[in-house]
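Peer 1: Note that the protein sequences, when read in sequence, are chains A and B. Number 50 in numbering that gives the first Met the number 0 belongs to position 51 of the first sequence; there are no gaps in the numbering. Number 78 in numbering that gives the first Met the number 0 belongs to position 79 of the second sequence; there are no gaps in the numbering. Heads up, the beta-carbon is just placed ideally off N, CA and C, and yes, glycines get one too. Before I ask anything, here is the structure I am working with.
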Amino acid sequence: MAEADLIARYNYDEFVPAKFELWMNFAASPPLGQPAPDFPLWHLDGSETRLSAIWSQHMYTIVEFGSFT
Amino acid sequence: MNAVAERFAPQGVGSIFLYTHEAHPGEYYPHLTSMEQKFRHARALRDILGVTRPILVDALDAACHRAYGGMPNMSWIFNQAGIPIYKSDWTDARSIENAILYFLDVRERRERGERLAPFHVERLDYRTRDMEAFYRGLERNGPKAVREFRAVFG
Numbered sequence: 000m001a002e003a004d005l006i007a008r009y010n011y012d013e014f015v016p017a018k019f020e021l022w023m024n025f026a027a028s029p030p031l032g033q034p035a036p037d038f039p040l041w042h043l044d045g046s047e048t049r050l051s052a053i054w055s056q057h058m059y060t061i062v063e064f065g066s067f068t
Numbered sequence: 000m001n002a003v004a005e006r007f008a009p010q011g012v013g014s015i016f017l018y019t020h021e022a023h024p025g026e027y028y029p030h031l032t033s034m035e036q037k038f039r040h041a042r043a044l045r046d047i048l049g050v051t052r053p054i055l056v057d058a059l060d061a062a063c064h065r066a067y068g069g070m071p072n073m074s075w076i077f078n079q080a081g082i083p084i085y086k087s088d089w090t091d092a093r094s095i096e097n098a099i100l101y102f103l104d105v106r107e108r109r110e111r112g113e114r115l116a117p118f119h120v121e122r123l124d125y126r127t128r129d130m131e132a133f134y135r136g137l138e139r140n141g142p143k144a145v146r147e148f149r150a151v152f153g
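Structure representation (structure tokens):
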């Protein structure tokens, strides 16, 4: 899937099963107890960081994924 | 979740909110087409929902969200070595609180010299199902978000 197509499909424009169910795959998410995949993330001021930079700051780190709803 | 974050921060527990995309795009908060818009939505989310935890933003293609299972409101807990030790396909403050209390006890047991070995456990937790609050959230996104949710789930 080309990057532009991926972006458009992930950021779907309407809440219909054919568009949102495609991305819900918790059963295939990383296993507990194994090193987690790392990704770039951004602070609200636009500065870049990484998930690893977040989890390495504390003994434990809670990460809630979400949006307005 | 803000209260959980504040409660456990003094004990070395960090907490962030990772903004992903609009699960229910509406007239007021439509689907994302640029990082500028994504930052704008994330700031609005902070201000309108009163999120006091640090908010971070995923890439526009949500590489992180997709890799971790893509659920609209899931939560994970990582240890300092980057090992996920808890994952939940829905965010519930009581469940998180329960898990953190357990993991803080693990830390204390280790500090006392107890030798511990990890094991896996599955458990079905229960969250409050507050549809009125959920619909208020949809209305904040716009009538389209409400209409589309009703069309799918009735």
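Opposite ASN13 of chain B in the DSSP bridges: which residues?
Peer 2: Working through the second sequence from its first residue, we reach residue 13 of chain B at position 14. Note that residue 13 of chain B is Gly in the sequence shown, not Asn. DSSP output for GLY13 of chain B lists A:THR60 as bridge partner(s).
Peer 1: Kindly indicate which residue of B:TYR18, B:GLY11, B:LEU48 has the alpha-carbon position closest to the one of ARG135 of chain B.
Peer 2: Reading the second sequence from its first residue, position 136 is the one you call residue 135 of chain B. For ARG135 of chain B, the nearest C-alpha among the options comes from B:LEU48.
Peer 1: What is the DSSP secondary structure of PHE38 of chain A, reduced to helix, strand or coil?
Peer 2: Stepping through the first sequence from its first residue, residue 38 of chain A is reached at position 39. The answer is coil: DSSP assigns PHE38 of chain A none of H, G, I, E or B.
Peer 1: Of all the residues that make up the stretch 25 to 38 of chain A, which are near chain B by a beta-carbon distance shorter than 9 Å?
Peer 2: Going along the stretch 25 to 38 of chain A in chain order, one finds PHE25, ALA26, ALA27, SER28, PRO29, PRO30, LEU31, GLY32, GLN33, PRO34, ALA35, PRO36, ASP37, PHE38 with a Cβ nearer than 9 Å to chain B.
Peer 1: Would TYR101 of chain B be called buried (16 or more neighbouring beta carbons within 10 Å of its own) or exposed?
Peer 2: By one-based count along the second sequence, residue 101 of chain B stands at place 102. Classification of TYR101 of chain B: exposed, given that the 10 Å Cβ count is below 16.
Peer 1: Pick from B:GLY153, B:ALA116, B:ILE54, B:ARG65: whose alpha carbon is nearest that of GLU63 of chain A?
Peer 2: As a position in the first sequence, residue 63 of chain A is number 64, starting the count at 1. Ranking B:GLY153, B:ALA116, B:ILE54, B:ARG65 by Cα distance to GLU63 of chain A puts B:ILE54 first.
Peer 1: Can you check whether the C-beta of ASN1 of chain B is within less than 8 Å of a C-beta belonging to chain A?
Peer 2: On the second sequence, residue 1 of chain B is found 2 positions in, with the first residue counted as 1. By this cut-off, ASN1 of chain B is not an interface position.
Peer 1: Quick check: is the beta carbon of GLU127 of chain B nearer than 8 Å to any beta carbon in chain A?
Peer 2: Within the second sequence, the letter at position 128 stands for residue 127 of chain B. It is worth fixing the name first, because residue 127 of chain B is Thr in this sequence and not Glu. No, THR127 of chain B lies away from the interface with chain A (no Cβ there is under 8 Å from its Cβ).
Peer 1: At 8 Å on the CB atoms, spell out the chain A contacts of SER74 of chain B, in chain order.
Peer 2: As a working mapping, residue 74 of chain B is identified with position 75 in the second sequence. Near SER74 of chain B (Cβ distances below 8 Å), the residues of chain A are ILE61, VAL62, GLU63, PHE64.
Peer 1: Please state whether DSSP places ARG49 of chain A in a helix, a strand or coil.
Peer 2: The residue given as residue 49 of chain A occupies position 50 in the first sequence. Strand at ARG49 of chain A.
Peer 1: Going by C-alpha distance, which of B:ASN78, B:ARG139, B:PRO24 is nearest TYR9 of chain A?
Peer 2: Working through the first sequence from its first residue, we reach residue 9 of chain A at position 10. That would be B:PRO24, whose Cα lies nearest to the Cα of TYR9 of chain A.
Peer 1: For a contact meaning CB atoms closer than 9 Å, what does SER46 of chain A contact in chain B?
Peer 2: For this step, residue 46 of chain A is matched to residue 47 along the first sequence. The contacting residues do not exist; SER46 of chain A stays about 10 Å from chain B at best.
Peer 1: Please confirm whether GLU26 of chain B and PHE67 of chain A have their CB atoms less than 8 Å apart.
Peer 2: Counting from one through the second sequence, the residue named residue 26 of chain B turns up at place 27. Counting from one through the first sequence, the residue named residue 67 of chain A turns up at place 68. No.
Peer 1: How far does the beta strand (DSSP E) with PRO83 of chain B in it reach, from first residue to last?
Peer 2: Here residue 83 of chain B is taken as the residue at index 84 of the second sequence, counted from 1. Looking at the DSSP string, the run of the beta strand (DSSP E) that includes PRO83 of chain B is 83 to 87.
Peer 1: Pick from B:PRO83, B:PRO117, B:MET73: whose alpha carbon is nearest that of ALA92 of chain B?
Peer 2: For this step, residue 92 of chain B is matched to residue 93 along the second sequence. Among B:PRO83, B:PRO117, B:MET73, the Cα nearest to that of ALA92 of chain B is on B:MET73.
Peer 1: Identify, in the order they occur along the chain, each residue of the same chain with its Cβ nearer than 8 Å to the Cβ of TRP75 of chain B, setting aside the five sequence neighbours on each side.
Peer 2: Translated into the one-based positions of the second sequence, residue 75 of chain B becomes position 76. Correct list, in chain order: TYR67, PRO83, TYR85, LYS86, SER87.
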